[in-house]
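Protein chains in written order, with my numbering: chain D, 1 to 406; chain E, 407 to 812. Glycine included, each C-beta is placed from N, C-alpha and C at the ideal position.
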């Protein structure tokens, strides 16, 4: 008998019909002898509806009160799922975050889980019930309701799997798993059966959004096996696990791309200590993340600096950067949302030199210009023109023969 | 500085505009130096919307899960009111029933408050905040969320006022208070300034629905002064208090009427011990409350029995009563929803004989037939034809000169 933690996102519980499908699937899993803990997000539009009500009040909110408001969405879907299971003669009980013992810090709207007191859950499991837990929420040391921020329900599920010693954490979503590339771009893209935590983290933060990066981090830290799978069919998904548990390490596991990239370049920046700092400090103070940076220090005493940020942040960043241009006496700037990031990810890269070179070669063969490059131990990323993304993904997928079964 | 508990029902918080009005009123009360604890019901339609979702599942529900579902409505309105107060620079914090320390028994969907641990509320008040509490809910010894059933938010408010030693419990509603008769029927009907708990209880259970009977009971038991007043104007309302605190006891305080009455009569019931019991036992087993009963034991060995129940229960009662008619050998039955109950209520009645006679006289002068009569120490009720109700209310209001100021 295995203990499984299952997480269903908002689209999987968006209507009573979908909740019934989820309940049928859980009943089936239970009849196969599994003990089940289920984490649910709020029904499709609930959170947006609540945000719309709050928007009528103004635009500056107490995050404590917003947490109190938003946490009701997950409580509702948890209760509705438990009611549906009960109607199928399947014993089930719903629990809020505080009832499930999910302790967090007190940082409202983006709290971090600090521990789980699993006594209540274990007692309910011992009665033979399916335990349905409201995701995305916990309780602070001050006994306030907290929410975990973006991707919170994934993190709830992985943390519960760790605390309960579950055999696996199943993340049900609307895709079949993690693919070697976006199947909408590469028709030979192949579902990856197993991927390491490190690779998943790179894929997740590079835009392959099936598992939230924080949840992947949590899984890596506590060594929880996670399976990402489709809630609308019965195919097996992608298992995210320790690299050492995998039979072999692929050199390149997948191609990720990210269109949410904007570039900013400053021309003729005086080559003095502290100048780069001035720019990046202003951006950091305004909570704008800078991703890639290149500084072409080739000329005698002046040079250009270029960097990328998220597209969404461009409007906010431009006036700040313009001030800096004036202040430091650069000759001008250019910017645009016309670029994208394309990356190859693979744990085997560390021990195989020449992978980056193969990537550049493939892009060159396809006549694609590379504007910027960054690398880590298990990935290589390039900034290219946005219009070239589909061609680049396809070229790299061919180059590394990702369509071939492992 | 007075501590006040204020309760706002679903119609007072039905939209964000109405919530803003409530917030303005509270801010004003706070600026007059009052400490405020506020109890809110769910926004207008929230509870009905949630019930509609549950209805898609089936018609047999786990009351534990329904409590989990429905309790979110009050949590949302509490959070939205606190957010609105905050936006007006008015410190406020919302609390669920469990956070506010509202302990109940474990009878889901109609739990009773067993005690209030007021530590958290007192701590929040000490910071100068308005404390907004989700009404209608509490927490059971098993750490489950419970709801209090009908009129629950009124009861939450009165119980909190008792536990906190509040100076007064203000119940905001959509009428100006308790009237000497329904103002839609009697245009000279006068708002009553003060009324005793006992009188209010009779008025409340007789259909003058401004305060739930259970809340009135609670107020009497814990000796809490309650004021019922209008949330949409600034007039003073009706104060419900101890009879001994009132300057004088009126003989008749008000006229109550109730259209939700049906009559059932059984003819020629054998005059044997246990026969009446057979009828009323069957009804009790089916949770149908019998209100008035008359048994006209005038003839030698057979007699008729007539009684009243709530109209809503008639369809359910008829087959049960028909079975009894067969079984005991009565000669037949008649029934109808064409009757109503009209009552005079007044604490001074106890020491003034002749009040009932005056009532019968007034009805006779107006050519109104009385079918049944029942009396208690502070009220006299008559069953009359439903079509005569308006005329009867007016006649009694005139007879006892209730239009005259006290």
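Other residues of its chain near residue 252 (chain D): CB distance less than 6 Å, five sequence neighbours each side excluded:
Around residue 252 (chain D): 344, 346, 400.
Below 9 Å between beta carbons is the criterion; list the residues of the region 492–525 of chain E that meet it against any residue of chain A, in chain order.
In the displayed structure, chain A is absent; the protein chains listed are D and E.
Contacting residues, own chain, Cβ-Cβ under 8 Å from residue 230 (chain D) (five flanking each side not counted)
The answer, listed in chain order, is 172, 173, 174, 175, 176, 177, 237.
Taking C-alpha atoms, which residue in E:784, E:503, E:410 lies nearest to residue 758 (chain E)?
With distances taken between Cα atoms, residue 758 (chain E) lies closest to E:784.
Please identify, using Cβ separations under 8 Å, the residues of the region 33–65 of chain D that lie next to chain E, in order along the chain.
So the list reads 50, 53, 54, 56, 57, 58, 60, 61, 62, 64, 65, given in the order they occur along the chain.
Less than 7 Å between CB atoms is the rule here; does residue 75 (chain D) satisfy it with respect to chain E?
Look at residue 75 (chain D): its C-beta is under 7 Å from a C-beta on chain E.
Count the other C-beta atoms from every protein chain shown that fall within 10 angstroms of the C-beta of residue 452 (chain E), then say buried if there are 16 or more, exposed otherwise.
Classification of residue 452 (chain E): buried, given that the 10 Å Cβ count is 16 or more.
Have a look at residue 363 (chain E) and residue 560 (chain E) and give me their C-alpha separation to the nearest angstrom.
Residue 363 (chain E) falls outside the range modelled here, since chain E spans only 407 to 812, and no answer is possible.
Could you tell me whether the Cβ of residue 553 (chain E) comes closer than 7 Å to any Cβ of chain D?
So no, residue 553 (chain E) is outside the interface.
Mind the definition here: the region 481–489 of chain E touches the region 53–62 of chain D only if three or more C-beta pairs lie below 8 Å; say whether that holds.
In the pairwise beta carbon analysis, the region 481–489 of chain E is classified as touching the region 53–62 of chain D: at least three pairs are separated by under 8 Å.
Going by alpha carbons, who is nearest to residue 48 (chain D) out of D:33, D:66, D:268?
It is D:66 whose Cα lies nearest to the Cα of residue 48 (chain D).
Name, in chain order, the residues that DSSP records as bridge partners for residue 739 (chain E).
The partner list for residue 739 (chain E) (beta bridge, DSSP) reads E:672.
Top-ranked residue by Cα proximity to residue 598 (chain E), from E:592, E:639, E:438, E:660
Closest option to residue 598 (chain E), Cα to Cα, is E:660.
Just the Cα atoms here: how many angstroms apart are residue 732 (chain E) and residue 786 (chain E)?
Approximately 34 Å between the Cα atoms of the pair.
Check whether chain D comes within 7 Å of residue 532 (chain E), counting only Cβ atoms and requiring the distance to be less than that.
Taking Cβ atoms only, chain D never reaches closer than 7 Å to residue 532 (chain E), which makes this a no.
Short-range partners of chain D found in the region 548–581 of chain E, where Cβ spacing is below 9 Å:
Result list: 549, 550, 551.
Where residue 755 (chain E) and residue 440 (chain E) are concerned, what is the direct C-alpha to C-alpha distance, given to the nearest angstrom?
When rounded, the distance between both Cα atoms is 38 Å.
Along chain E, in chain order, which residues have C-beta atoms closer than 9 Å to that of residue 24 (chain D)?
When 9 Å is used as the limit between beta carbons, residue 24 (chain D) is near no residue of chain E, the shortest such separation being about 13 Å.
If contacts are defined as beta-carbon pairs under 8 Å, then residue 50 (chain D) and residue 111 (chain D) qualify, I think. What distance do you get, rounded to the angstrom?
18 Å between Cβ atoms; not a contact.
Kindly list the residues whose CB is nearer than 7 Å to the CB of residue 152 (chain D), restricted to its own chain and excluding five residues on each side of it in sequence; keep chain order.
The residues are 135, 136.
Who are the Cβ neighbours of residue 158 (chain D) in its own chain at under 6 Å, not counting the five residues just before and after it?
Same-chain partners within the cutoff: 169, 215, 218, 219, 224.
Same chain only: Cβ atoms within 8 Å of residue 312 (chain D), ignoring 5 sequence neighbours per side:
These residues qualify, in order along the chain: 260.
Rounded to whole angstroms, what's the CA-CA distance from residue 101 (chain D) to residue 123 (chain D)? Just pull it up for me.
One C-alpha to the other measures close to 12 Å.
Please report the straight-line C-alpha distance between residue 485 (chain E) and residue 284 (chain D), rounded to a whole angstrom.
Using only the alpha carbons, I get a separation of about 32 Å.
Any contact between the region 430–438 of chain E and the region 588–607 of chain E? By contact I mean 3 or more CB pairs, one from each, below 8 Å.
Contact fails between the region 430–438 of chain E and the region 588–607 of chain E, because fewer than three Cβ pairs, one in each stretch, are under 8 Å apart.
Neighbouring residues, chain E, relative to residue 79 (chain D) (Cβ below 7 Å):
Simply 471, 474, 475.
Bridge partner(s) assigned by DSSP for residue 35 (chain D):
DSSP lists D:3 as partners of residue 35 (chain D).
At 8 Å on the CB atoms, spell out the chain D contacts of residue 488 (chain E), in chain order.
Near residue 488 (chain E) (Cβ distances below 8 Å), the residues of chain D are 62, 65, 68.
To which residues of the same chain is residue 502 (chain E) closer than 6 Å at the C-beta, ignoring the five residues directly before and after it?
If we look at residue 502 (chain E) and ignore the five residues flanking it on each side, its Cβ neighbours are 481, 540.
Let's see if you can read the secondary structure: which residues bound the beta strand (DSSP E) around residue 791 (chain E)?
Element bounds for residue 791 (chain E): 785–791.
Beta-carbon separation (whole angstroms), residue 264 (chain D) vs residue 306 (chain D), contact threshold 8 Å:
Right, their Cβ atoms sit about 7 Å apart.
Report yes if the CB atom of residue 437 (chain E) is closer than 7 Å to the CB atom of residue 498 (chain E), and no otherwise.
Judged by their CB atoms, residue 437 (chain E) and residue 498 (chain E) are not nearer to each other than the 7 Å cut-off.
Could you pull out every residue in the same chain whose Cβ sits closer than 8 Å to the Cβ of residue 765 (chain E), ignoring the five residues on either side in sequence?
Cβ-Cβ distances below 8 Å link residue 765 (chain E) to 750, 786, 788, 802, 805 in the same chain, with the five nearest sequence neighbours on each side left out; the list follows chain order.
Between residue 72 (chain D) and chain E, is there a C-beta pair that is closer than 7 Å?
True, the Cβ-Cβ gap to chain E drops below 7 Å.
Indicate the three-state DSSP secondary structure (helix, strand or coil) for residue 192 (chain D) in the structure shown.
The answer is coil: DSSP assigns residue 192 (chain D) none of H, G, I, E or B.
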